[in-house]
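Structure first, then comments.
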Amino acid sequence: MISSILEHILIHISFSVVSIVITIRLLILLVNEIAGLYDSSKKGIITTFVCITGLLVTRWIYSRHLPLSDLYESFIFLSWSLSIIHMVPYLKKHKNHLSAITAPIVILTQGFATSGFLTEMHQSRILVPALQSHWLMMHVSMMVLGYAALLCGSLLSVALIVITFRKIIRTFDKSNNESFSFGEIQYINERNNVLWNTPFISSKNYYRSQLIQQLDHWSYRIISLGFIFLTMGILSGAVWANEAWGSYWNWDPKETWAFITWTIFAIYLHIRTNPNLEGVNSAIVASLGFLIIWICYLGVNLLGIGLHSYGTFTLTSN
Amino acid sequence: MVALTLSPTKTLFLNSHLLHSTFKPHFINPHSTKTHSLHSSRFLSFNLVTCKLKSPQDIKNKDKNISKKIVLSEAAPSLAEKRGDGGGGGGEGNGNGEVRAKSGGSVMRLVKRFPRKVLGILSNLPLAIGEMFAVAALMALGTFIDQGEAPDFYFQKYPEDNPVLGFFTWRWVLTLGFDHMYSSPVFLGTLVLLGASLMACTYTTQIPLVKVARRWNFLDSSEAIRKQEYSDTLPRASVQDLGVLLMGAGYEVFLKGPSLYAFKGLAGRFAPIGVHLAMLLIMAGGTLSAAGSFRGSVTVPQGLNFVVGDVLGPTGFLSTPTDAFNTEVHINRFYMDYYDSGEVSQFHTDLSLFDLDGKEIMRKTISVNDPLRYGGITIYQTDWSFSALQILKDDEGPFNLAMAPLKINGDKKLFGTFLPVGDAELPNVKGISMLARDLQSIVIYDLEGKFSGVRRPGSKLPIDIDGSRIVIVDAIGSSGLDLKTDPGVPIVYAGFGALMLTTCISFLSHTRIWALQDGTMVVIGGKTNRAKAEFPEEMDRLLDRVPEIVESSRSEEPDNVSG
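Chains as they are written, first to last, in our numbering: chain A, 32 to 349; chain X, 37 to 599.
Structure follows, in structure tokens:
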């Protein structure tokens, strides 16, 4: 009983802290960089991390098995791994805006885990026979870590696409305007353009292209890391399936979707090898991967089909 | 006129400063012109024109040389590809082609070219990406269409008069074999194509790339170094100090005179080949699994036997039975573990294996996640069933009552049996019904169908119903076993191991650094193939630690630029 109250407290603290942190991060990104705010958001993320860790440990002690056995627990673990990925730039003392882009995913998972959908699952359950294996820890933790890293990386790619296309739309608008008023103010504006506008625009463009490049590089790096975790997760799952289900590959829906995710990110990595297709093209594939991870992670469980139906929940039960 | 002609001389002078030796002969002329009169300026201009004509050309030439050098190091796959195709470095296919071409005419030349062309098409990156997309799409489709149903199911689900998305009917499903997607010719064909692409890409692109990456190449001009993705200049430093620092940072460092070449993470270049080979290994293992396996499942009541060979059925044309198929399996005991809440925690089956002579060769209690392996055969615990209920009626017996499965809803099983009371020959016979969800407790209903009690098997506690006294002696379960042999598993596991290792190594970034001592100045350039975000920061940190040479180059007093 005490542990369930403790869990309750911890989960609500972490949820509210995450939401505050996101507000702060967005303020910093949109308005201005204020050192004090930056510090507080840093503290906030560490608080979240500690809270979720506490939550997982409580649950572990309480249920006497690793808290990875159903969807609710894996969601908590997902937001825990996402917060780890968040912490990395802070520990390395990088001051960048990348975490403002990836932070919302934490609140999303955390919010979903606490929301009404999964209330039935809040009570930790017993382990079904098939899950009683040492592979559980290896397989599920690797998969969830992989999902977390891939979600972060592909979210950076989504941000890249948004920024790039906003730029294209803007330049399109601008060129339209110019052609419209070209005859009238050409002579008046010529000097001004040369003297003032050009350096201003170019410096702005310079920062934007730098941001885009940074997003590109980081999303590639994080996706590569997530790809390693995903590979390990799928392979350990295959070895486990050979112990429990009779074959290392059963074409179970969840398995298949994990493999689809893997293929999509393999495509991403291959596109990266061609320098002409870097940037937006690979980012489109990565954002496709973003959708597919959610299908793989949630969609298959929503349908509750196949052998992986441990974390099934029904929407009508509420 | 003079002013016009003079300005080029100035630019020329500046240019020639960069290209030390080549323009020295022309130097004298521009200097002398200053003292000459207007008349000679014509001559001068002529002279200058030649100079002008010559100088950009020379610069171009020099540029060409530089760019060529860079091509050698950067885009060498194409270069190496050419070389690889040129007979000597070619594979078996090429050799065969050559022999034939000598004897035959132009047709043979075509034959010779054909494999190379196919190789070229297969190793095309967009094609490979397309194949991967196709595989992903087919797999996704396979999860949306219910697999392995009877044709009638598809007639109903994808009717012709109301097609899904306006065109997708059961004809599509059945002609393309999408009712068994993962063994359909379309899917397998795409996989084979992907495998071929994998091989072609490894052969034509990846291996030459490594050959190039392994070559140590020094860059001898500061311009070439400045053209790298990362470049920096240290005004007062020595290239030796930089080399020592790079070595400390884990680089392999090579020094030749004033130029330095260093690299790190070469394994990151090799690893993708390993990834591809591991994928091929897994594919080969998977094919062997599909073609050479035996599978079967059996539900055996506790206490009975079965022969392995009777259960196993071949899955492909390569399946060949072994001696171990004569083994007889005896189910000594089947039992379940329960949690306090009454839910099943684990299933166990105690198995004994006997050879042809009836000698016990192995005994093991298997459970879910803990199969038995013997002679290439694996026996899994996958299912269970309620076989029979052993009862005493009015202290007679024991009788075995067969249990029938009543409702199977997922894992929630329900079994029932019926004990007739009175004359069993009568048309509407009445009796006692017994229901059970597991082997733990039996629910008993009387002749009217009213609940009369719950008994545990083996508790020896009798229950009296309508004058007859019933004792439930035992509940006999039957164990659901899956059997298989799979010769592909060792190969697939080897592939798994290799894939895991090589994917991890692939994360390493191959970094190359060039540096050139130019007087007291050191020009540094470098590039990396993966860690492009971290690399400049890492380099900045490293270069901050390069000691600055304070006075002239002779009195070297190392001093840290920044702590």
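Don't be surprised by glycine CBs; every beta carbon is placed ideally from N, CA and C.
- Going by DSSP, I323 (chain A) is part of the alpha helix (DSSP H) stretching over V311 to W325.
- For the pair Y371 (chain X) and L517 (chain X), the CB atoms are not nearer than the 9 angstroms cut-off.
- Taking a beta-carbon distance threshold of 9 angstroms, P407 (chain X) counts as an interface residue toward chain A.
- For F361 (chain X), there is no enclosing alpha helix (DSSP H), as DSSP marks it with neither H nor E.
- Residue pairing by DSSP places T564 (chain X) opposite X:T547 in a beta bridge.
- When DSSP states are grouped into helix, strand and coil, S105 (chain A) belongs to the helix group.
- The DSSP-derived three-state label of S100 (chain A) is coil.
- Residue-level contact check: P284 (chain A) touches chain X, since one or more beta carbons of chain X fall below 9 angstroms from its beta carbon.
- D182 (chain X) is classed as exposed because its beta carbon has fewer than 16 other beta carbons within 10 Å across all chains shown.
- K429 (chain X) has X:E432 and X:I506 as its beta-bridge partners, per DSSP.
- At a cut-off of 9 angstroms between C-beta atoms, P135 (chain A) does not count as an interface residue with respect to chain X.
- When the five nearest sequence neighbours on each side are left out, the beta carbons in the same chain lying within less than 7 angstroms of the beta carbon of Y190 (chain X) are those of W206, V209, L210 and D215, in order along the chain.
- Distance from R262 (chain X) to G561 (chain X) at the Cβ level is roughly 6 angstroms; contact confirmed, criterion being Cβ atoms closer than 8 angstroms.
- In terms of Cβ geometry, S45 (chain A) and L86 (chain A) form a close pair [threshold 9 angstroms].
- Counting only runs of 4+ residues, the alpha helix (DSSP H) found wholly inside the stretch 202 to 279 of chain X occupies 206 to 211, 221 to 237, 243 to 250 and 258 to 262, in chain order.
- For R331 (chain X), a Cβ of chain A is located within less than 9 angstroms of the residue's own Cβ.
- In the DSSP assignment, D500 (chain X) falls within the beta strand (DSSP E) that extends over I499 to I501.
- By the neighbour-count criterion, in which 16 or more other beta carbons inside 10 Å mark a residue as buried, F150 (chain X) falls on the exposed side.
- Look at L41 (chain A): its C-beta is not under 9 angstroms from any C-beta on chain X.
- For a Cβ distance threshold of 9 angstroms, residue set T262 and L266 of chain A lies close to L535 (chain X), ordered along the chain.
- Put simply, the CB of Y93 (chain A) is far from chain X, with every gap to its CB atoms at 9 angstroms or more.
- By the neighbour-count criterion, in which 16 or more other beta carbons inside 10 Å mark a residue as buried, I259 (chain A) falls on the buried side.
- Note on geometry: alpha-carbon atoms of T179 (chain X) and Y299 (chain A) lie some 23 angstroms from one another.
- Residues of the stretch 146 to 178 of chain X with a C-beta atom less than 9 angstroms from some C-beta of chain A are L161, P162, A164, I165, M168, F169, V171, A172, A173, M175, A176 and G178, listed in chain order.
- With a cutoff of 9 angstroms on beta-carbon distance, V507 (chain X) and P498 (chain X) are scored as near each other.
- Between the beta-carbon of I76 (chain A) and that of S114 (chain A) there is about 7 angstroms, and that keeps the pair under the 8 angstroms contact cut.
- Contacts with chain X at 9 angstroms (Cβ-Cβ) do not include L176 (chain A).
- Excluding its 5 nearest sequence neighbours in each direction, S188 (chain A) has C-beta neighbours in its own chain below 6 angstroms: S250, A314, A317 and S318, listed in chain order.
- Excluding five sequence positions before and after G257 (chain A), the CB atoms of its chain that fall closer than 7 angstroms to its own CB belong to G177, A180, L181 and G184, given in chain order.
- Contact annotation for K520 (chain X) against chain A: G277 and S278 [CB-CB distance below 9 angstroms, chain order].
- Among the bridge pairs identified by DSSP, H384 (chain X) is matched with X:Y371 and X:S403.
- Here the C-alpha atom of F571 (chain X) lies approximately 16 angstroms from the C-alpha atom of S255 (chain A).
- Between the stretch 348 to 361 of chain X and the stretch 327 to 334 of chain X there are three or more inter-stretch CB-CB distances shorter than 8 angstroms, so the stretches are counted as touching.
- Bounds of the alpha helix (DSSP H) holding T287 (chain A) are P284 to T304.
- Collapsing the DSSP output to three states places G494 (chain X) in coil.
- Taking the C-beta atoms as reference points, G268 (chain A) is found no nearer than 9 angstroms to I295 (chain A).
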